[in-house]
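Undergrad: Take 1045 as the starting number for the sequence shown in the numbering used here and just add one per residue. We put the CB at the ideal spot given by N, CA and C, even for glycine. Can you read through this structure? Questions will come right after.
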Amino acid sequence: MDMDIEKKRPDLSNAEVMDIDTYFKRLVQPETPPAIWRWDDIVKVMDGMEADPKRYPSYRRAVCLVNNSWAGAPGASPALFAGFQRFRPGEHLPPHKHNSVALYYWVQGKGRAIVNGTEIDFKAGDVLTCPAWNEHQFFNTGDEDLIMFSIHDLPILAQMRALFWEEPMGQENIQHIVKSEAASWNADEHEEDVANLKSILIKTAN
């Protein structure tokens, strides 16, 4: 037998044939208790991220709200991500896209969104939905901080191993967000991650 082929075979000892009663006992999940995130704590984390601009440039200053009441993909709920992002005047979130659906609500400030080439001006109180795999970017066009609250279905896609992200734009930059393949969200900011980032990108046909 070819030893190289033998070494590449995955460990299949995780496979199990199970009766339906045992299966449903495992399937039932614990209830999700409520959680509250205080605004002062959110601002404190955003301020702390601004103190490390190399790791957290403007487009990476996102604060994620996590309910730690269950195992698995983190989120505000088992299915939903919620978070805040703050942009100083003149700052810009570069174009990117993901297969999660997103809702964006602006708490403060005004700006402009470009979604699949369509320019949309917004102000505090407005809500924008961004369909899955639509290229989008945001600009702070005002004189005060722009604060954005976003909701995505990231956790449920991650649980299904079906979350994809493209940033920066370009087919060579499509990432499948699964362990051992996806680079750090901040990989482009750290020299030690650049080689790994280049090695894991999904290659697609031209």
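(1) Counting pairs of Cβ atoms below 8 Å between the segment 1187 to 1195 and the segment 1123 to 1141, do you hit three or more?
(2) Expressed to the nearest angstrom, what Euclidean distance is found between the alpha-carbon atoms of P1212 and A1123?
(3) Count the other C-beta atoms from every protein chain shown that fall within 10 angstroms of the C-beta of F1166, then say buried if there are 16 or more, exposed otherwise.
(4) Could you compute how far the alpha carbon of Q1073 sits from the alpha carbon of C1108?
(5) Quick one: using the 10 Å Cβ neighbour count with 16 as the cut-off for buried, is F1068 buried or exposed?
(6) Do Q1203 and A1117 have their beta-carbon atoms positioned less than 7 Å apart in this structure?
(7) Can you grab the Cα-Cα spacing for the pair V1151 / H1220, in whole Å?
(8) Cα separation between T1185 and D1063?
(9) Which residues does DSSP list as the beta-bridge partners of K1167?
(10) Who are the Cβ neighbours of H1140 in its own chain at under 8 Å, not counting the five residues just before and after it?
(11) Helix, strand or coil for P1122? Go by DSSP, reduced to three states.
(12) Pop quiz: S1144 and D1085 are said to be a contact at Cβ under 8 Å. What is the actual Cβ separation, rounded to whole angstroms?
(13) Work out the CA separation of V1222 and I1195 for me, nearest whole Å.
TA: According to the structure shown:
(1) Verdict: yes, contact present.
(2) Using only the alpha carbons, I get a separation of about 26 Å.
(3) Per the 10 Å Cβ criterion, buried.
(4) Rounded to the nearest angstrom, the gap between the Cα atoms of Q1073 and C1108 is 23 Å.
(5) F1068 should be labelled exposed.
(6) Result yes, Cβ atoms of A1117 and Q1203 sit closer than 7 Å.
(7) Going from the Cα of V1151 to the Cα of H1220 covers about 31 Å.
(8) Cα to Cα, T1185 sits roughly 59 Å from D1063.
(9) DSSP, once it has assigned bridges, lists K1154 as partnering K1167.
(10) Sequence-distant partners of H1140 (beyond 5 residues in either direction) whose C-beta falls short of 8 Å from its own C-beta, in its chain, are E1179, H1180, Q1181, W1209, E1210, E1211, P1212 and M1213.
(11) In the structure shown, P1122 falls within a coil segment according to DSSP collapsed to helix, strand and coil.
(12) Incorrect: roughly 25 Å between the Cβ atoms, too far for contact.
(13) In a straight line, the C-alpha of I1195 is about 20 Å away from that of V1222.
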